[in-house]
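In what follows, a structure is listed as structure tokens, so that the remarks can point back to it.
As structure tokens, then:
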């Protein structure tokens, strides 16, 4: 690599920062944007590193999936996924054989090209918000099956080597622990590793995250989250399993954890960057010399690959009774070659299954089809869907929106919990965020859905569903955090109605000044109730005391809003404040002294007595 | 219609909630008088079948101010000055409520006690409401034949409404023949829709002066033979 790490970083980051916004602007999604940033010629090295983005993406996808949902998806994963890989392999191998290749090579190529690109498809679907549609879910199921299928394919490939073919180059990049073991022991080791991940996720990670959260250091949590992903990936590579699959499993195990949102928001930026790097290196991996030398052949192969995959997918979609919309989406998203093809092809080359020049050609074809995916999907969206679609995607299954509650409560202390319980008792779903890990722990034991995290962070708000929610109740203890959260929420989620708890007048002024409407001083109601009780104990009638408190509250709220506007003018503020206090005192005194001035004059007969003398009562 | 208690949304009026809504008249330059003020009082409108549909039928009626009292004053803390101002601004006041225990829901009583002040609504200087008109729009659970001297309720509906009639008569207001929906307990949706249509037509006719009040006064209730009462016939909402 010329220029060292910083130079490389400079080139890649510049390419990303420039090309991604342009692609987004053109409606092509960030994937193509990254791929457009074609730079350098050391794609393979970077690709290897950037594959980690895919690993992280699968971890995040796992976090979104509760185990019960994966189980419910077993039919599409095994049925649809299995058929896709099987049928596509057969058809592609048939084509290759027909083109004159030896049958073993043809099968190897079929297996390799049957796989699609998890990274590109999921990223594109997520960006377009199509992941939860029927077609999106089916695509996901197929991709999941393909990821699992890579393991047996890797095992089968060496067997496809023509007799006498020499093994090129060294062995694996990573030495696995299972390299020398017999098949049954290998399986046992893999199973043990999976079991280890499940058990650790259940029993070890919870206390660990709780311990880390209690330190209050945000960067430590980020480090722990990264460590979790990298450790899982490493373990899986050591036992010879796809690291993406391992982290996906870890994600699923942690999907029910209260640290889910926090983990998500910590990993998210790393995933985004590494994935971007990955897409860039896909672009960089293309051998332009080769493409330039045989453009017709490459274009033909590319068209053929896409056509075969499209056809198989469309038929499968039909068999699995997808609607035309979803079937088109399904077929067009998966009609490319995948990143695993690069791995499998280099593996196959090493074992002499596929020749060097053939492999180079195929890599170019796969990379080009990957780059073409966003274009294909846009084509489907803009040209095919409007013509053949029935717009059935509008009616998505409702049960998928499991945590899209109308209310988010930030802070679940004494204050927030009372608000939350009142809403819950009335059947209003709430998503609760709290920064106190001990409290989160306790509340979850009580069966409440509470998530750990700093609610003033944009990413956490987003993953808590701020985009769909209607109300955000800010019940944080810290005034500083409260102001931060209010500012963030108003800037990024202007549709949210904010209900804000404030410690006192000062904070209330700030928020009222900022244009907030629903501002609640947290001590107002309890102090008024205390005052009412004191009056009653002194001998006031219960309702009289109650009415006095009602009057006081109304007056005080009005004065608060009036004073908020003028608090920057010190002299005016003090004068007005004095005047308001005098007004209120007078008002309340009048209640006792002079009935005519009282608010509740209707309940007073004094004016009647004055007007009519003793018999006034007859008339009313 | 009973509402499902598991609510996925948070009710209609989150955010800036207007306590009352005015539907502007098309005819510009018309005086602010001669407008209708509907005071709705139902302590559990979300459980109501009929009052909710009646309210929906007139909520946005042209030239009408719709004022939901239980929504505005859930804590019975009636804003006397504002209520008096609203009354002064309107000519026809409609008091819409279910007929609970031969009377109004308690918030209307609170409202009457506090808003109809001596020296403002009645008494020597109390002339603010003189000449205005009041219409009771009520729903009863019992059927019409129960409101007879020989019936279950032993009195006619007009007799039972006498306290309300007299309250506003004392304020110098004209008490119109009441709009009464009887038999609210066992009513089909189709019947309810019919009453809602009648309610809207009645208020439109009152607003436009096309209702034969003299003939209406000879009936026990306004909506008994509505088609005959409304001049120019077929106007329908």
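Chains as they are written, first to last, in this note's numbering: chain P, 790 to 1409; chain B, 213 to 449.
Where is the CB? At the ideal position from N, CA and C, for every residue including glycine.
Ranking 281/B, 306/B and 362/B by CA distance to the CA of residue 294/B puts 281/B first. From the beta-carbon of residue 1268/P, no residue of chain B is found nearer than 8 Å; the closest lies around 24 Å away.
Counting only Cβ-Cβ distances below 8 Å, residue 329/B has contacts in chain P at 1390 and 1391, in chain order. About 6 Å separates the Cβ atoms of residue 1285/P and residue 1255/P, confirming a contact at the 8 Å cut-off. Take residue 370/B, set aside five residues on each side of it, and the residues of its chain with a beta-carbon closer than 7 Å to its own are 432, in chain order. Distance check between residue 1195/P and each of 1173/P, 1261/P, 1165/P and 1154/P places 1261/P closest, using alpha-carbon atoms only. When the beta-carbon positions are compared, residue 1153/P and residue 1094/P stay at least 8 Å from each other. Between residue 1054/P and residue 995/P, the C-beta gap is not smaller than 8 Å, which leaves the two residues out of contact. For residue 1396/P, the nearest CB of chain B lies under 8 Å from its own CB, placing it at the interface with that chain.
Chain order gives no chain P residues near residue 363/B, where near means a beta carbon separation below 8 Å; the closest approach is about 31 Å.
Residue 926/P is not a Cβ neighbour of residue 904/P, given a cutoff of 8 Å. A straight line joining the alpha-carbon of residue 1161/P with that of residue 1124/P spans about 10 Å.
The beta carbon of residue 1063/P lies closer than 7 Å to those of 839, 841, 842 and 845 in the same chain, with the five residues before and after it left out. Rounded to whole angstroms, residue 252/B and residue 373/B show a C-alpha spacing of 17 Å. In terms of CA proximity to residue 1050/P, 1243/P leads the group 1243/P, 1121/P and 1257/P. Contact between the segment 298-317 of chain B and the segment 345-365 of chain B is established, with three or more Cβ pairs separated by less than 8 Å.
Taking 3 residues as the shortest admissible run, the segment 1283-1309 of chain P contains the following complete beta strand (DSSP E) segments, listed from N- to C-terminal end: 1286-1291. In the DSSP assignment, residue 368/B falls outside any alpha helix (DSSP H), carrying neither H nor E.
Chain-order list of chain B residues neighbouring residue 1339/P: 287 and 289, by C-beta distance under 8 Å.
Listed by position along chain B, the residues whose Cβ is nearer than 9 Å to that of residue 1343/P are 289 and 291. Neighbours of residue 335/B in chain P, taken as residues at a C-beta separation under 8 Å, are given in chain order as 1396, 1397 and 1400.
Interface criterion not met: the Cβ of residue 298/B is under 8 Å from no Cβ in chain P. Think of a sphere of 9 Å around the beta carbon of residue 326/B: the chain P residues whose beta carbon falls inside it are 1388, 1389, 1390, 1391 and 1392, in chain order.
The straight-line gap separating the alpha-carbon atoms of residue 810/P and residue 1130/P is approximately 28 Å. The residues 1040, 1053, 1056, 1057 and 1060, in chain order, have a CB closer than 8 Å to that of residue 849/P in the same chain once the five nearest residues on each side in sequence are set aside.
Around the CB of residue 920/P, 16 or more other CB atoms lie within 10 Å, so the residue is classed as buried. Segment contact: the segment 979-994 of chain P against the segment 1020-1032 of chain P, three or more CB-CB distances shorter than 8 Å; contact assigned. In the structure shown, residue 1067/P falls within a helical segment according to DSSP collapsed to helix, strand and coil. With contacts defined by Cβ atoms closer than 8 Å, residue 1155/P and residue 1126/P form a contacting pair. Secondary-structure assignment with DSSP links residue 308/B through a beta bridge to 252/B and 349/B.
Using a 10 angstroms sphere on the CB of residue 1136/P, the tally of other CB atoms reaches 16 or more, which defines it as buried. Sixteen is the threshold: since fewer than 16 other Cβ atoms of the shown chains lie within 10 Å of the Cβ of residue 337/B, the residue is exposed.
For residue 1267/P and residue 1222/P, the gap between their C-alpha atoms comes out near 14 Å.
Inter-residue distance for residue 1329/P and residue 1319/P is about 14 Å (C-alpha atoms, whole angstroms).
The residue among 394/B, 383/B, 380/B and 422/B with its C-alpha nearest the C-alpha of residue 368/B is 394/B. Shortest Cα-Cα distance from residue 1257/P to any of 1143/P, 1224/P, 1355/P and 1193/P involves 1193/P.
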